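Here's the structure, in structure tokens; my notes come after.
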Ligand SMILES: Nc1ncnc2c1ncn2[C@@H]1O[C@H](COP(=O)(O)OP(=O)(O)OP(=O)(O)O)[C@@H](O)[C@H]1O
Ligand SMILES: Nc1ncnc2c1ncn2[C@@H]1O[C@H](COP(=O)(O)OP(=O)(O)O)[C@@H](O)[C@H]1O
Ligand code: SF4
Ligand code: SF4
Ligand SMILES: [Mg+2]
Ligand SMILES: [Mg+2]
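Residue numbers (the working numbering), protein chains in the order written: chain A, 694 to 1026; chain B, 64 to 385.
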């Protein structure tokens, strides 16, 4: 196991109270695996990723519990600078907006070459050659010329590819990609998806892909974690999530998205909605967070938080539909 | 069918690029470069295409929120291109806009009631009681409570704010609503609510919509006819059935093939375009799409293709169909 996140809790102190942005999140990542984290905005996807690399602004945020085991060490127990030096070149992250990690005043070639000299102790000429090579690998046309350009001279898609090139320069074991294609056009998104699939194949890079786009999740991941209001509500292999979703939230999400050709072929003209809206993290329902919106809600759900329950082998859902609720509710008082 | 409700002919919007001390015009952004489309009463037209292809500009120029460089907009049988300010103002009650970003399109210092009352005060000679009744009616239509009318925009979620935006657009009983990416800023579970709301309001009030969007699955759901734009031009125009079941233009085919499908076992042949959309300041000669087109031939570099009607209501602009 490459990365093992156990019961991670990251909270924020806000004016409205404590926001449990990540609350008891556990999942692990194997070498060469692409795991997807899905869920709506504000459900804690980015905070989960930022917790691994210790990028949480503190205050207001703090990792208040859990373990992040990487290479036999618990990152949560280490200082920020220790985390940076352990992860430095072994875990890379890319963001939705490439300009946040590209420096506008240096050429992209210089920025990538710096990664090579910093992490792989490459000399100037070697660093430059490898930079051009890397830009070619991420399919930037005319890489020798583009390497000498500044970020603003590149289009959105090319900037995203340049950022991926930079993230890959240190040949990381894990790539964490937070909404890497959300700001891109579908044609460019298709190329970035293809690029990530090739990284996995050619370099055995393990990828954590964060996105709210279930189409992208279906295309490239092998396992999916679905989050809702700071908690994992379902986890399974990708095929099971899409073909046999167990949690009412996952089921609702999958039913609510329009599918290409659905109307043209079947005349569908009504989408199944999920009623209501995502609750505020500082004002969560007492029991199951999905209770106010859930079409299957039972009385036990209102005041009792369900555990993650194994519904099928390797498939878990946080829902009372799959637990012996009377007994458990009794035991908890 | 008779006259369409709205007909746009050969519309162009060229933005001058100015440089230097005297702000000389050194070139133009050909944001919209000769597009024509029409809209029937009660139907929905979709405009799709990649970022920067001119969708928003086309919508703005149709409402004359931007003055078109050339072309005409005929609304209800009248050419509005030459309208003066006061005639434009009364025309605008008939054509309303809803925005992509519900966060920035509402005045944060006004309550929802005030936001909805504003257009009624400007355009209608309603008594204050009539205005109150109208506001209550609008809130109910978009699924908000009377109590929510007394609150401020920041107290609402994105989806609720979009409902407020829709109520405001409906307030003067328009016949056309232009929605520029009306759901793309919303969460997946909320998008379906707003799409269903738009469809039911259309049925109830016989509204005509122009929906500008990049999400082709959503557009198929919402739109009767779809115009696919590339670099300021419409390259294909068809009914939703024909566009999705039988796309003809190589660009439309590539766009549709690029959409990720939420079915993990589904495998499809993807058409990779390579490269990026060229700058609308220097569109390529011949067919604008030729540098990225997998099917480009020699004549595509030299000659601009002209629109060809393949079947009633299905127009494609590509040499392969000449
Ligand atoms: N006021 C302006 N001055 C100069 N250029 C402009 C202006 N407004 C838009 N443009 C340019 O016109 C082109 C079309 O812009 P438009 O906003 O219509 O695109 P769009 O299709 O709506 O894109 P998106 O999907 O990103 O919203 C772009 O190249 C844009 O940069
Ligand atoms: N710096 C911060 N200060 C306060 N709250 C924060 C901060 N960063 C994130 N949060 C809160 O944590 C929650 C989860 O955020 P995030 O992980 O960014 O969501 P997403 O799933 O959209 O990536 C949100 O409710 C957000 O408001
Ligand atoms: S625990 Fe109850 S309320 Fe929560 S998702 Fe399951 S059935 Fe619905
Ligand atoms: S005209 Fe030529 S380049 Fe343009 S879309 Fe058709 S085949 Fe491609
Ligand atoms: Mg995020
Ligand atoms: Mg736009």
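Positions of the beta carbon are idealized from the N, C-alpha and C atoms, including for glycine.
All values reported here derive from a predicted model rather than from experimental measurement.
At what residues does the alpha helix (DSSP H) containing residue i begin and finish?
i                       : result
residue 228 of chain B  : 221 to 233
residue 257 of chain B  : 251 to 268
residue 244 of chain B  : No alpha helix (DSSP H) contains residue 244 of chain B, which DSSP labels as neither H nor E.
residue 920 of chain A  : Premise fails: residue 920 of chain A lies in the beta strand (DSSP E), 916 to 921, not in any alpha helix (DSSP H).
residue 802 of chain A  : 801 to 813
residue 198 of chain B  : 191 to 204
residue 1037 of chain A : The displayed coordinates of chain A run from 694 to 1026. Any statement about residue 1037 of chain A would go beyond what the structure contains.
residue 959 of chain A  : 955 to 959
residue 843 of chain A  : Looking at the DSSP string, residue 843 of chain A is not in any alpha helix (DSSP H), and its letter there is neither H nor E.
residue 941 of chain A  : 941 to 949
residue 896 of chain A  : 879 to 896
Below 9 Å between beta carbons: does that hold for residue i and residue j?
i                       : j                       : result
residue 142 of chain B  : residue 153 of chain B  : no
residue 254 of chain B  : residue 281 of chain B  : yes
residue 974 of chain A  : residue 712 of chain A  : yes
residue 75 of chain B   : residue 133 of chain B  : yes
residue 317 of chain B  : residue 379 of chain B  : no
residue 185 of chain B  : residue 232 of chain B  : no
residue 874 of chain A  : residue 909 of chain A  : yes
residue 795 of chain A  : residue 856 of chain A  : yes
residue 275 of chain B  : residue 118 of chain B  : yes
residue 881 of chain A  : residue 278 of chain B  : no
residue 1001 of chain A : residue 941 of chain A  : no
residue 257 of chain B  : residue 229 of chain B  : yes
residue 1009 of chain A : residue 929 of chain A  : yes
residue 923 of chain A  : residue 737 of chain A  : yes
residue 828 of chain A  : residue 817 of chain A  : no
residue 939 of chain A  : residue 1004 of chain A : yes
residue 959 of chain A  : residue 734 of chain A  : no
residue 710 of chain A  : residue 919 of chain A  : no
residue 157 of chain B  : residue 238 of chain B  : yes
residue 879 of chain A  : residue 110 of chain B  : no
residue 853 of chain A  : residue 876 of chain A  : yes
residue 813 of chain A  : residue 863 of chain A  : yes
residue 963 of chain A  : residue 262 of chain B  : yes
residue 268 of chain B  : residue 236 of chain B  : yes
residue 105 of chain B  : residue 223 of chain B  : no
residue 957 of chain A  : residue 283 of chain B  : yes
For residue i, tell me which candidate among the options has the shortest Cα-Cα distance.
i                      : options                       : result
residue 271 of chain B : B:97, B:107 and B:372         : B:107
residue 177 of chain B : B:191, B:315, B:371 and B:164 : B:191
residue 367 of chain B : B:384, B:328 and B:374        : B:384
residue 925 of chain A : A:716, A:695 and A:706        : A:716
residue 103 of chain B : B:128, B:326, B:112 and B:138 : B:138
residue 179 of chain B : B:194, B:112 and B:93         : B:194
residue 764 of chain A : A:750, A:783 and A:753        : A:783
residue 303 of chain B : B:288, B:295, B:325 and B:311 : B:288
residue 334 of chain B : B:349, B:312, B:350 and B:346 : B:312
residue 348 of chain B : B:364, B:360 and B:342        : B:364
residue 296 of chain B : B:79, B:92, B:84 and B:80     : B:92
residue 832 of chain A : A:888, A:957, A:819 and A:798 : A:888
residue 247 of chain B : B:356, B:225 and B:298        : B:225
residue 147 of chain B : B:362, B:350 and B:128        : B:128
residue 844 of chain A : A:835, A:808, A:892 and A:800 : A:800
residue 695 of chain A : A:707, A:868 and A:847        : A:868
residue 112 of chain B : B:155, B:243, B:375 and B:251 : B:243
Measure how close the beta-carbons of residue i and residue j come, nearest whole angstrom, since I'm counting them as under 8 Å.
i                      : j                      : result
residue 745 of chain A : residue 702 of chain A : Rounded, the Cβ-Cβ distance is 14 Å, inconsistent with contact.
residue 935 of chain A : residue 165 of chain B : That pair is no contact at about 30 Å.
residue 95 of chain B  : residue 121 of chain B : 5 Å
residue 913 of chain A : residue 886 of chain A : 6 Å
residue 214 of chain B : residue 175 of chain B : 6 Å
Taking residue i as part of the beta strand (DSSP E), name the residues at either end of that continuous run.
i                      : result
residue 290 of chain B : 288 to 293
residue 373 of chain B : 371 to 374
residue 924 of chain A : 924 to 930
residue 272 of chain B : 271 to 275
residue 713 of chain A : 710 to 722
residue 299 of chain B : 296 to 302
Counting pairs of beta carbons, one from the region 159 to 171 of chain B and one from the region 200 to 212 of chain B, are three or more of them closer than 8 Å?
Two segments are said to touch when three or more pairs of C-beta atoms, one from each, lie closer than 8 Å; by this definition the region 159 to 171 of chain B does not touch the region 200 to 212 of chain B.
Answer yes if the region 951 to 959 of chain A comes into contact with the region 299 to 310 of chain B, meaning at least three C-beta pairs across the two stretches below 8 Å, and no otherwise.
They touch, by the three-pair rule.
Would you check if there are 3 or more beta carbon pairs closer than 8 Å linking the region 718 to 737 of chain A to the region 767 to 781 of chain A?
With fewer than three CB-CB distances shorter than 8 Å, the region 718 to 737 of chain A does not count as touching the region 767 to 781 of chain A.
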